[in-house]
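Working notes for the structure below.
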Amino acid sequence: MRTTTKSKSLAIAAVASLSLFTAACGSSSDDSASSDSESSSTPSSEAASDAGSDLVGPGCADYAKAVPDGAGSVEGMAQDPVATAASNNPLLKTLVQAVSGKLNPDVNLVDTLNGGEFTVFAPVDDAFAKLPADTVKTLGTPEGAKTLESVLTYHVIPGQIAPDEIDGTHKTVNGADLEVTGSGDDIKVNGNAAVICGGVKTANATVYLIDSVLMPPAS
Amino acid sequence: MSETTTAAPATRATAPWWTGALSGLLAAVAGVALGSGVATLLGVPTPIESVGNRVIDLVPRPLKEFAIEQFGTNDKPVLIGSVAATLLVAAAVAGWLGLRRPRLALGITALLGLAALVTAALDRTSTANVVVTVIPSLVTLAVSLLLLVRLLKALELSRKVGDETPAGFDRRAFLQAVLIASAAMAIGGGVTRFLGSSAAKDSRADVMLPQPATPAPAVPAGAQADVKGISPYITPNRDFYRIDTALRVPQVPADTFNLRIHGMVEKELNLSFEDLLKERLVESRITLTCVSNEVGGPYVGNAAWLGVPVAELLARAGVKDGADAVKTTSADDMTIGTPLEALTDTERGALIAVGMNGEPLPLEHGFPVRMVVPGLYGYVSATKWLVDIEVTKFSDFKAYWTTRGYDAEAPIKLSSRIDVPKAFEALPRDNVRIGGVAWAQSVGIERVEVKIDDGDWQDVDLAAQDNVNTWRQWSWTWEDATEGTHQVTVRATDADGTTQTSDRVPIAPDGSTGWHNVRFRVE
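Protein sequences, first through last, are from chains S and B.
With positions in the first sequence counted from 1, the corresponding number in my numbering is that position plus 2.
With positions in the second sequence counted from 1, the corresponding number in my numbering is that position plus 1.
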């Protein structure tokens, strides 16, 4: 052969166009319906694979490390309704007791929270620990039921709000407003409660873990 | 490469071996690509699809099982990939041989093309007639032969008159032929890639469901409760809940469809989709429920199903003594185990369903065929994309969900749900309308009660019952409501007199229980 470079370029051109062979082979069987679902340990319709893609807050990486898989992980919570997801989250034990009638038997919001689209600001256990012991005790009494419900519903906003739209004033289920400011690792609610990790998806609600319990304004 | 020098060559000199191999490859690939393009434009299977489907049929069972074990749901692509790889190797070898024996190469190519033609003629996935279906393979055959001839001709070593030493091959002609082949590949591949659509979707568009031999009785007047915001009595297909393990919706064209009934039966049955449509079809309304439905959850729906009673097909196959289970398999190899007696029970009315609310099953709800069994959770009964029914014993297998901690026997638990008011909804004091659904498949709902806060249980108005396998709607007005935040709780009693338990249990291992409640406001 006289010119090897010319032969080489022939070979390259031919091989490059062979890649279209795979197009001919693979295309017709690639269609799928628009809703895909994830293989999982419970039958589920949620696509949990990108549950962690929109998170904000300084504590998300630590949380993922602490709970990398299972029902309490970011992906696991995406498949359950919010109260069930919270019950699997190791940081929300006190909150779960409060919403499920364990703190006050007259206050059980589990079914209601599972039954609509919401944005939930979820105080972690340390947040509840910051409250005076007396306050928590009162909230557990029959007289304190109304207050407890008022406090809990002050953490819930109708509709799911993503981190890129969370800033601003929002009317809570309680009826009173709260205000969210900041972005990224520095988001605050009412100026003092910081978002630890936010934008966590559950089957029906978007959750923002916060470091303080929000108090509704005195009416 | 060095020029041949002193000794006269013992055999005829040829262009380098790789030019021959390349020619074979290019001719084959270009032929297949153009054939695929033509197939896409005609709406028929491509040559690779036809050959692939046929090969999968012919692969011996041990090899198939090996592939499934090793590659799981990728077994099909791996098998088809092997077919393609074999073709490429054969084409390369043919081309290489063609340097010395061009007619041998053409013969091999013609044989491969003929094989593609035959598989196309036998391909049942095609929705067109045989003549149209074989056109793409004819194109593949013709294009491959023509290109190979051209390429090999260009590779023939020219001899100057009177010169013992052969000169090189005609590079310009070879380059030209290569470019033509590449263009053919690009065009064919592009058309296939960008204009291709799913054979399953197309075949669904062509399905004409017959009228049922046994239509469902009309929905009784008053089955839909009069409460604004309550669920529609019949769940529309687009809103019907979807829970499954399919990573991608299996694409199963109705035309190649085959339902195999085998195992502990006297006679194995094989039914095509057309065979199923020709059976005595029954239409019945059945409410399905998923075991992962939490209290008050959305994974329940009611539809009119059209299909063949499973009991009839099992009776035709002749179930042998000793069998107690049926293992059903879907097109993506998901397995479900069902108690045999639930399927042979003619009163229960389990169906091999081909229609949902008047249309062929939507792709994501199991097209073309699925199983529907009243009274059992979906995970032990509602196999979608159903392709295989094996009569067997529970002791001989473990289905997908039972391997993962769910019970083998799973009757749907008596349940009820409040649809209105919605969570935290505000209702006007002069019209506090409350409503929802209750279900006790195979038994029927007899009574539904609600209570406000810690008050007494009150009977609600039950909507008309359709049949014992559907949910039943209920409604109630809270007269003399007081303003403020309240909670409504619901419980149902079935026709056997059993009232729902208030105990909360999680969805695993056999479904949730508990009284559903909703907090709402009266203003």
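Yeah, the Cβ is synthetic: ideal placement off N, Cα and C, and Gly gets one too.
Measure how close the beta-carbons of residue i and residue j come, nearest whole angstrom, since I'm counting them as under 8 Å.
i	j	result
residue 94 (chain B)	residue 52 (chain B)	Going by Cβ atoms, the distance from residue 94 (chain B) to residue 52 (chain B) rounds to 18 Å, so no, they are not a contact pair.
residue 308 (chain B)	residue 373 (chain B)	7 Å
residue 203 (chain B)	residue 379 (chain B)	28 Å between Cβ atoms; not a contact.
residue 179 (chain B)	residue 315 (chain B)	About 60 Å separates the two Cβ atoms, so there is no contact after all.
residue 89 (chain B)	residue 98 (chain B)	Actually they are not in contact, since the Cβ atoms of residue 89 (chain B) and residue 98 (chain B) sit about 15 Å apart, beyond 8 Å.
residue 358 (chain B)	residue 237 (chain B)	7 Å
residue 124 (chain B)	residue 46 (chain B)	5 Å
If you run the structure through DSSP and keep just helix, strand and coil, what is residue i?
i	result
residue 137 (chain B)	helix
residue 296 (chain B)	coil
residue 29 (chain S)	Its pLDDT being 37, under 50, residue 29 (chain S) is placed unreliably by the model, and the measurement read from it follows with that caveat. In this structure, residue 29 (chain S) counts as helix in the three-state DSSP scheme.
residue 260 (chain B)	strand
residue 179 (chain B)	helix
residue 581 (chain B)	The first residue shown for chain B is 2 and the last is 524, placing residue 581 (chain B) beyond what the model contains.
residue 199 (chain S)	strand
residue 170 (chain B)	strand
residue 508 (chain B)	coil
residue 186 (chain B)	helix
residue 440 (chain B)	strand
residue 79 (chain S)	helix
residue 216 (chain S)	coil
residue 360 (chain B)	strand
residue 67 (chain S)	helix
residue 55 (chain S)	coil
residue 188 (chain S)	strand
residue 284 (chain B)	strand
residue 493 (chain B)	strand
residue 38 (chain S)	Note that residue 38 (chain S) scores 32 on pLDDT, short of 50, meaning its location in the model is unreliable; the coordinates nonetheless yield the value given after this. In the structure shown, residue 38 (chain S) sits in coil (DSSP, three-state: anything other than H, G, I, E or B).
residue 485 (chain B)	strand
residue 204 (chain B)	helix
residue 72 (chain S)	coil
residue 23 (chain S)	Note that residue 23 (chain S) scores 49 on pLDDT, short of 50, meaning its location in the model is unreliable and no value can be drawn from it.
residue 1 (chain B)	Shown here, chain B extends from 2 to 524; a query on residue 1 (chain B) therefore has no answer.
Please identify the residue among the options whose C-alpha is closest to the C-alpha of residue i.
i	options	result
residue 479 (chain B)	B:116, B:495, B:467 and B:461	B:461
residue 1 (chain B)	B:414, B:517, B:147 and B:483	This structure gives no information on residue 1 (chain B), because the portion of chain B shown stretches from 2 to 524.
residue 510 (chain B)	B:295, B:317 and B:82	B:295
residue 222 (chain B)	B:101, B:104, B:491 and B:474	B:474
residue 341 (chain B)	B:360, B:356, B:355 and B:319	B:319
residue 134 (chain B)	B:144, B:119 and B:92	B:119
residue 526 (chain B)	B:143, B:289 and B:521	The question about residue 526 (chain B) has no answer here: the residues shown for chain B are numbered 2 through 524.
residue 190 (chain B)	B:418, B:25 and B:35	B:35
residue 206 (chain S)	S:75, S:216, S:82 and S:212	S:82
residue 427 (chain B)	B:264, B:215, B:485 and B:282	B:485
residue 244 (chain B)	B:260, B:292 and B:63	B:292
residue 498 (chain B)	B:483, B:441 and B:322	B:441
residue 223 (chain S)	S:145, S:98 and S:210	A question about residue 223 (chain S) goes unanswered here, because the residues of chain S that appear run from 3 up to 221.
residue 101 (chain S)	S:90, S:91, S:75 and S:113	S:113
residue 205 (chain B)	B:421, B:274, B:192 and B:123	B:274
residue 25 (chain B)	B:422, B:297, B:286 and B:151	B:151
residue 38 (chain B)	B:194, B:115 and B:174	B:194
residue 143 (chain S)	S:108, S:117, S:77 and S:170	S:108
residue 362 (chain B)	B:385, B:212 and B:231	B:385
residue 364 (chain B)	B:49, B:331, B:489 and B:92	B:331
residue 105 (chain S)	S:157, S:146 and S:220	S:146
residue 254 (chain B)	B:326, B:370 and B:30	B:370
Looking only at DSSP bridge pairs, what is residue i linked to?
i	result
residue 172 (chain S)	S:180
residue 391 (chain B)	B:263 and B:328
residue 225 (chain S)	With chain S represented from 3 up to 221, any question about residue 225 (chain S) goes unanswered, as that position is not in the structure.
residue 309 (chain B)	B:353
residue 209 (chain B)	Per DSSP, none; premise fails for residue 209 (chain B).
residue 160 (chain S)	S:120
residue 460 (chain B)	B:450
residue 339 (chain B)	B:327
residue 412 (chain B)	B:377
residue 215 (chain B)	B:283
For the stretch 179 to 194 of chain B against the stretch 428 to 435 of chain B, do three or more pairs of beta-carbon atoms, one drawn from each stretch, fall closer than 8 Å, so that the two count as touching?
no
Within 8 Å, do at least three Cβ pairs link the stretch 345 to 352 of chain B to the stretch 408 to 424 of chain B?
no
Given 8 Å, three or more beta-carbon pairs between the stretch 151 to 158 of chain S and the stretch 171 to 185 of chain S:
yes
Spell out a yes or no on whether the stretch 441 to 456 of chain B and the stretch 486 to 502 of chain B are touching, meaning 3 or more CB-CB pairs, one atom from each, closer than 8 Å.
yes
Quick check: the stretch 158 to 167 of chain S against the stretch 119 to 128 of chain S, are at least 3 beta-carbon pairs closer than 8 Å?
yes
Select from the stretch 414 to 434 of chain B all residues with a C-beta closer than 7 Å to any C-beta belonging to chain D, and list them in chain order.
The structure shown has no chain D; the protein chains it does contain are S and B.
With contact counted as at least three CB pairs below 8 Å, one residue from each stretch, are the stretch 130 to 142 of chain S and the stretch 73 to 92 of chain S in contact?
no
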